[in-house]
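Numbering (my numbering), first residue to last: 12 to 123.
Cβ coordinates follow ideal geometry from the N, Cα and C atoms, glycine included.
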Ligand SMILES: O=C(O)C(=O)C[C@]1(C(=O)O)C=C[C@@H](O)C=C1
């Protein structure tokens with residue numbers, strides 16, 4: 012459970028507003044165009060981590076569900092689902108979609 016997943020500390024590609032590359036080229040956000048490759052590496056790493064965590068979450072959720080149902084409980088626990096939705100509320104409508112997708116993944120193939 013305690014593997015290394017590297018990447019951070021974040022690179023100098025962060026917070027470079029107002030700086031330029033050797034050619035003085037920067038995008039409208041003030042990020043040197045040369046930093047794009049570095050930032051893409053960070054995105055690739057983040058996506059890998061997010062996918063790993065989403066898969067683990069689905070696994071844990073399915074284990075809880077199977078255990079509860081084997082003990083005669085319900086498939087859904089509404090107040091827990093409300094807590095999950097609230098957690099993603101910061102992100103607005105897209106956050107709701109993310110939370111709903113996470114909950115659907117937790118239900119597994121039978122939950123679709
Ligand atoms: O917390 C639980 O009891 C779960 O079963 C996990 C979980 C979830 O994925 O967060 C999944 C289904 C339930 O309806 C509520 C929450």
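Mind checking residue i: buried by the 16 CB within 10 Å criterion, or exposed?
{"i": "residue 42", "result": "buried"}
{"i": "residue 141", "result": "The displayed coordinates of the chain run from 12 to 123. Any statement about residue 141 would go beyond what the structure contains."}
{"i": "residue 64", "result": "exposed"}
{"i": "residue 84", "result": "exposed"}
{"i": "residue 57", "result": "exposed"}
To the nearest angstrom, how far is it from the Cα of residue i to the Cα of residue j?
{"i": "residue 103", "j": "residue 109", "result": "10 Å"}
{"i": "residue 132", "j": "residue 62", "result": "There is simply no residue 132 to check, as the chain begins at 12 and stops at 123 in what is shown."}
{"i": "residue 27", "j": "residue 53", "result": "Note on residue 27: pLDDT 47, under 50, position unreliable in the model; the coordinate value appears next. So the two alpha carbons sit approximately 15 Å from each other."}
{"i": "residue 117", "j": "residue 78", "result": "13 Å"}
{"i": "residue 93", "j": "residue 100", "result": "11 Å"}
{"i": "residue 68", "j": "residue 112", "result": "11 Å"}
Once DSSP output is grouped into helix, strand and coil, what is the label at residue i?
{"i": "residue 125", "result": "Nothing about residue 125 can be read from this structure; the chain reaches only from 12 to 123."}
{"i": "residue 19", "result": "coil"}
{"i": "residue 44", "result": "helix"}
Q) Which parts of the segment 58-121 are runs of the alpha helix (DSSP H), unbroken and 4 residues or longer, counting only runs that do not cross its ends? A) 89-98 and 103-118
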